[in-house]
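For what it's worth, numbering that gives the first Met the number 0 labels the leading residue of the sequence shown as 0, then goes sequentially.
Think of the CB as a built atom: it goes at the ideal place given N, C-alpha and C, for glycine as much as any other residue.
Have a look at the structure below before the remarks.
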Amino acid sequence: MPDPRAPRLCVLIDADNVPAQYAEAIFEEIASLGEASVRRIYGDWSATRLNAWARKVAALGLVADQQFSNTKGKNASDIGLVIAAMDFLHSRLFDGFVLVSSDSDFTRLAARIREQGLDVFGIGEQKTPEAFRMACKRFIYVENL
Numbered sequence: 000m001p002d003p004r005a006p007r008l009c010v011l012i013d014a015d016n017v018p019a020q021y022a023e024a025i026f027e028e029i030a031s032l033g034e035a036s037v038r039r040i041y042g043d044w045s046a047t048r049l050n051a052w053a054r055k056v057a058a059l060g061l062v063a064d065q066q067f068s069n070t071k072g073k074n075a076s077d078i079g080l081v082i083a084a085m086d087f088l089h090s091r092l093f094d095g096f097v098l099v100s101s102d103s104d105f106t107r108l109a110a111r112i113r114e115q116g117l118d119v120f121g122i123g124e125q126k127t128p129e130a131f132r133m134a135c136k137r138f139i140y141v142e143n144l
């Protein structure tokens, strides 16, 4: 049973930008931060490159959000994640967010959430650009998990 005093966290994962091999370790780390009340993962699930993540969805209690890549090089998954984040932010149900990505596209999102007084924890690879890392209250490298 979750600790009723634990911070309620909204976990949003960019499946295109963090390897699935770290999935279990990521959620162990998140458990040390609070309760992962929402667990969403974004990607084009018709793409074979996400098969490793697809195998982990049910086991980790994730809700997979389908974002078709209609045009090569476009970031439909990123846009879907940002829209959901803003909806969750305005619901006022959460104490913080965990953005799992190595993509600097989420820098402004992290800053916007923090402007509302909520904590943002980033989790991604060491290659993650400094701007995104610094926009988070704390950034955790998957290689260290």
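- DSSP places Ala84 outside any beta strand (DSSP E); the residue lies instead in the alpha helix (DSSP H), whose first and last residues are 75-90.
- Under the three-state reduction of DSSP output, Ala57 falls in the coil class, being neither helix nor strand.
- Under the three-state reduction of DSSP output, Ala130 falls in the helix class.
- Taking Ser36 as reference, the option from Gln20, Pro128, Val62, Asp15 with the minimal CA-CA separation is Val62.
- Apart from the 5 residues on each side of it in sequence, Ile122 sits with its Cβ closer than 6 Å to the Cβ of Ile25, Val99, Ile139 in its chain, given in chain order.
- For Asp43 and Gly79, the gap between their C-alpha atoms comes out near 11 Å.
- In terms of Cα proximity to Val10, the closest of Gly60, Gln20, Glu129, Leu49 is Gly60.
- CA-to-CA, the gap between Val81 and Leu108 works out to about 7 Å.
- At least 8 Å separates the beta-carbon of Tyr21 from that of Ser76.
- In the three-state DSSP reduction, Ser100 falls in the coil class, being neither helix nor strand.
- In this structure, the alpha-carbon of Arg54 lies about 14 Å from that of Asp64.
- When the five nearest sequence neighbours on each side are left out, no beta carbon in the same chain lies closer than 6 Å to the beta carbon of Ser45.
- One Cα belongs to Phe67, the other to Phe96, and the distance between them is close to 24 Å.
- For Leu32, the enclosing alpha helix (DSSP H) covers residues 22-32.
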